[in-house]
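Some notes on the structure that comes next.
2 protein chains.
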Amino acid sequence: MSKANNPKLKSWLTVESDSDFPIQNIPFGIFRKGKGFRVATIIGDQVIDLFELNKRGYFAGLNIDNSVLKSEFLNDFISLGKKKTNKVRERISDLFKSTTRKLKSNEKDRKAILSPVGKVELTMPIKVGDYTDFYSSRDHATNVGKMFRDPENALLPNWLHLPVGYHGRASSIVVSGTDITRPKGQQMPVGADKPVFGPCKLLDFELEVGFVVGKKTELGESINMDNAEEHIFGLTLFNDWSARDIQKWEYVPLGPFLGKSFASSISPWIVTLEALEPFRSKSPKQNKPKPLPYLKNDRDRNYDINLLVDIVPENGEGKTVCESNFKYMYWNMCQQLTHHTVNGCNVNVGDMCASGTISGPKRGSFGSMLEISWKGTMPVDMPDGSQRKFINDNDTVVIRGFGEKDGVRIGFGEVSGKILPAKK
Amino acid sequence: MSKANNPKLKSWLTVESDSDFPIQNIPFGIFRKGKGFRVATIIGDQVIDLFELNKRGYFAGLNIDNSVLKSEFLNDFISLGKKKTNKVRERISDLFKSTTRKLKSNEKDRKAILSPVGKVELTMPIKVGDYTDFYSSRDHATNVGKMFRDPENALLPNWLHLPVGYHGRASSIVVSGTDITRPKGQQMPVGADKPVFGPCKLLDFELEVGFVVGKKTELGESINMDNAEEHIFGLTLFNDWSARDIQKWEYVPLGPFLGKSFASSISPWIVTLEALEPFRSKSPKQNKPKPLPYLKNDRDRNYDINLLVDIVPENGEGKTVCESNFKYMYWNMCQQLTHHTVNGCNVNVGDMCASGTISGPKRGSFGSMLEISWKGTMPVDMPDGSQRKFINDNDTVVIRGFGEKDGVRIGFGEVSGKILPAKK
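Residue numbers (our numbering), protein chains in the order written: chain L, 1 to 424; chain X, 425 to 848.
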């Protein structure tokens with residue numbers, strides 16, 4: 001484990017005990033600076049400008065072309081490779097630990113390098129090339145199967161043999177804080193003989209975690225279980241917004257399309273796989289059936305990360321409607337990436353793969369309103385006395401995620417999105 | 425119609441009568457020049473370097489930044505907008521028509537600007553952002569429905585109400601001439617109780633036409649039937665390679681994934697929508713049922729373009745296994761793009777949308793081996809005495825396409841791809 005992960009490290013920057021961003025995290029993101037952009041990290045509530053750090057000599061010896069650190073997206077930075085980006089993470093750890101005075105004592109540099117997080121605009125961190133959404137939580141797939149197919153045979157025959165996935169729309173992935181307009185589209189009302197057109201009536205979130213590909217492959221090449229982690233740069237929270245009524249009518253036989261492509265939201269900070277190492281946890285047993293050899297998992301490749309979803313009405317009190325955990329995944333990220341490329345499909349830096357809805361075993365841990373309200377039959381009571389079967393106009397959905405161990409909390413911050421009424 | 429389309433125009437460059445590239449075509453592509461790239465067009469068998477044309481003053485007054493014309497991809501050129509790119513097409517038409525001597529009489533410029541097509545490497549013309557594959561040929565959807573579902577109710581309930589489509593993999597779209605390695609993957613043999621892993625046994629082509637988005641939209645914005653053509657820059661031939669056995673096992677419930685993502689091939693020249701104007705043809709009646717108003721088609725939006733598929737064994741004689749036509753589409757490109765964005769999904773310059781397999785009403789016009797061999801029950805006899813149910817190792821599949829009217833033939837050239845054996 002990197003020395004940047006040492007739980008005893010403290011920073012000379014203030015880090016509140018409930019902060020997601022102690023000195024052990026050092027995630028990467030982008031913020032707007034004038035007409036340009038800056039690669040950044042965050043400790044406590046201070047956003048740290050990596051371009052300014054490099055310009056002022058604090059990355060001496062790391063040999064990083066500073067044009068990379070004023071890019072609009074992290075892709076070029078990630079393309080430097082883990083060896084280098086991990087050194088950047090360690091250098092930042094050294095500069096900001098409580099025993100290092102070099103930058104702390106230089107007020108001019110500090111002013112140029114640090115900005116309170118409330119004072120900067122965090123922008124879309126990644127130029128997403130291709131985006132793939134998996135369907136890898138067993139409880140979620142089972143819930144959906146029970147609701148829409150046969151409760152006795154909820155899982156489809158292929159589900160336990162491969163991580164089912166599909167290609168999603170990359171262009172409509174947006175950063176946390178971006179408003180989402182309720183989509184319009186075709187729906188087939190129950191009992192009707194022809195479809196109708198109008199605003200989605202069953203708008204839902206899906207609680208997911210996404211990972212960003214950090215190392216490309218060539219067409220024809222396959223990633224395997226042993227080298228998959230080298231290709232994973234880091235993780236984000238991911239809200240796979242879903243229009244259930246549009247999806248239901250359109251998705252046979254070729255899968256989700258307009259029911260998903262109106263928007264997906266991600267958190268602004270990419271938390272590196274290295275920062276999450278302390279939260280590595282047991283993977284579920286896979287022996288009934290055993291996966292084919294290329295998917296065989298013989299290590300702990302799940303992560304114990306608490307995941308929470310709040311619905312916040314406009315000017316109202318929010319409610320936590322879901323408490324789940326990333327450890328509930330049946331298929332892990334390495335299996336997903338190995339399967340994804342077993343046919344020779346190439347991946348590029350900045351590609352994004354999302355987990356699929358992460359549901360736990362109980363209703364309180366279900367990762368979508370479809371499951372929480374069980375197709376609308378069990379509405380959720382809100383603090384203001386209203387109920388929710390799905391998401392209302394002007395509701396904001398907030399997903400948070402963090403791990404905690406040895407007194408250190410490593411988090412993602414949040415991904416939030418407010419639903420605006422459909423356009424006239 | 426543009427004066428560049430005038431069927432009476434002749435070029436001072438030699439154009440054989442069966443050439444796809446008379447002076448009325450002027451498609452756009454990219455070729456490799458030293459360590460860089462050049463935006464190009466073609467007349468007859470001469471590739472024309474647009475960077476050199478501009479540098480030598482032949483685009484005077486068009487005000488085009490020459491860095492755009494040495495890009496690796498056409499995206500920046502297309503982003504100039506149709507108004508400008510159509511002026512480029514017209515200027516090229518003027519320069520190369522038989523009555524214009526300016527360039528013809530300047531040997532030095534001619535040498536710098538022209539290269540025989542056999543002497544240059546045509547490269548991937550577009551950096552594809554998002555790729556969407558539709559399923560818009562009624563005969564194809566009916567054939568698939570008859571084979572795998574109910575022959576009496578071959579079309580699924582949504583098919584006549586909307587252009588069914590799904591997101592595809594952009595990273596693995598390659599240019600004509602790129603070898604394709606037979607993919608490996610999971611398959612469930614008939615009668616087996618668990619899947620096996622190995623090379624695809626049922627490798628297929630799908631005859632499709634793709635269009636390239638030429639004008640972007642913002643998230644939340646929708647394209648409509650009246651302005652859809654403004655967003656279509658041009659068309660390519662598209663081979664949507666398909667691994668039928670992998671697809672069959674994986675695709676429920678979220679659609680095609682690894683059965684498609686190992687490769688798709690496109691032709692190197694993007695033929696502009698404007699060049700295809702003479703081949704505009706009647707769209708099919710859509711009144712049983714009528715589509716919802718946002719999809720209503722009241723113009724001729726199909727195109728009469730002959731499409732042919734040849735299978736060519738290694739060192740053997742080829743056979744044309746399919747003669748189809750782009751006019752067979754039930755849903756046209758404008759309907760596809762309108763539907764695609766009706767939920768607010770944004771599109772970008774360089775996005776690609778493919779038609780889905782284009783089958784005509786008879787076996788000889790079916791656009792895939794799945795249909796031609798009717799699931800392998802009716803093999804095709806090859807000239808060397810062998811048979812094909814699907815595509816063999818070392819076979820090359822060649823798709824060609826062209827329209828003919830008033831003595832003018834406007835074509836796409838070809839998209840070809842050779843199947844290499846699966847990796848050990």
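Just so you know, even glycine gets a beta-carbon here, dropped at the ideal spot from N, CA and C.
Residue from the options whose Cα sits closest to the Cα of residue i
i, options, result
"V196 (chain L)", "L:G185, L:E206 and L:F205", "L:G185"
"T217 (chain L)", "L:F77, L:N346 and L:R409", "L:N346"
"T132 (chain L)", "L:M352, L:K194, L:K8 and L:G220", "L:M352"
"K82 (chain L)", "L:L370, L:A275 and L:D310", "L:A275"
"D384 (chain L)", "L:E314, L:R32 and L:R301", "L:E314"
"F572 (chain X)", "L:P253, L:G407, L:G350 and L:S17", "L:P253"
"I391 (chain L)", "L:K201, L:I232 and L:L307", "L:K201"
"G198 (chain L)", "X:Y718, X:R725 and X:H591", "X:Y718"
"G788 (chain X)", "X:V733, X:W693 and X:Q671", "X:V733"
"R280 (chain L)", "L:I270, L:N25, L:D300 and L:S264", "L:D300"
"S265 (chain L)", "L:H140, L:V175, L:K35 and L:L122", "L:V175"
"N749 (chain X)", "X:N730, X:H764 and X:H763", "X:N730"
"F238 (chain L)", "L:V209, L:S261 and L:A263", "L:V209"
"I467 (chain X)", "X:F501, X:S539 and X:D489", "X:S539"
"R668 (chain X)", "X:M425, X:D628 and X:A652", "X:D628"
Buried/exposed call for residue i, threshold 16 Cβ in 10 Å
i, result
"A192 (chain L)", "exposed"
"M378 (chain L)", "exposed"
"A484 (chain X)", "exposed"
"L586 (chain X)", "buried"
"V614 (chain X)", "exposed"
"K618 (chain X)", "exposed"
"S810 (chain X)", "exposed"
"M333 (chain L)", "buried"
"G481 (chain X)", "exposed"
"T320 (chain L)", "exposed"
"K425 (chain L)", "Shown here, chain L extends from 1 to 424; a query on residue 425 (chain L) therefore has no answer."
"S561 (chain X)", "buried"
"T696 (chain X)", "buried"
"P792 (chain X)", "This sequence places Ser at residue 792 (chain X); Pro is not what is there. Looking at its Cβ environment, which holds 16 or more other Cβ atoms inside 10 Å, S792 (chain X) is buried."
"G36 (chain L)", "exposed"
"V382 (chain L)", "Here residue 382 (chain L) is Met; the residue named in the question, Val, does not match the sequence. Per the 10 Å Cβ criterion, buried."
Residues that residue i contacts on chain X, provided the C-beta gap is smaller than 8 Å
i, result
"V174 (chain L)", "L643"
"S265 (chain L)", "Here the premise fails: no neighbours, minimum Cβ distance about 11 Å."
"I246 (chain L)", "N767"
Which of helix, strand or coil DSSP assigns to residue i
i, result
"L203 (chain L)", "strand"
"D139 (chain L)", "helix"
"L273 (chain L)", "coil"
"Y482 (chain X)", "coil"
"T465 (chain X)", "strand"
"G259 (chain L)", "helix"
"Y294 (chain L)", "helix"
"Y251 (chain L)", "coil"
"D245 (chain L)", "helix"
"M369 (chain L)", "helix"
"Y303 (chain L)", "strand"
"L458 (chain X)", "This sequence places Gly at residue 458 (chain X); Leu is not what is there. Coil, per DSSP."
7 Å Cβ cut-off: residues of chain L touching residue i
i, result
"D554 (chain X)", "R169, A170 and S171"
"Q610 (chain X)", "H161, L162 and L292"
"F621 (chain X)", "L292 and Y294"
"N816 (chain X)", "Those within 7 Å of N816 (chain X) in chain L number zero; the least Cβ separation is about 18 Å."
Bridge partner(s) assigned by DSSP for residue i
i, result
"D310 (chain L)", "L:T320 and L:V398"
"Q710 (chain X)", "According to DSSP, Q710 (chain X) bridges with nothing at all."
"H167 (chain L)", "L:T132"
"R833 (chain X)", "X:E828"
Within chain X, the residues that residue i reaches when beta carbons sit closer than 7 Å
i, result
"G344 (chain L)", "T605, P607 and F686"
"G426 (chain L)", "Since the first residue of chain L shown is 1 and the last is 424, residue 426 (chain L) is not available in this structure."
Partner residues on chain L for residue i, Cβ-Cβ distance less than 9 Å
i, result
"V614 (chain X)", "Residues of chain L passing the Cβ test: none, with the nearest at roughly 13 Å."
"W798 (chain X)", "Chain L residues near W798 (chain X): none, gap ~19 Å exceeds 9 Å."
"N772 (chain X)", "S171"
"K532 (chain X)", "Simply none; closest approach about 38 Å."
"P692 (chain X)", "Near P692 (chain X) there are no residues of chain L at all, since even the closest Cβ is about 17 Å away, more than 9 Å."
"W673 (chain X)", "P157, N158, H161 and L162"
9 Å Cβ cut-off: residues of chain X touching residue i
i, result
"Y330 (chain L)", "Correct list: empty, because the minimum Cβ distance to chain X is about 15 Å."
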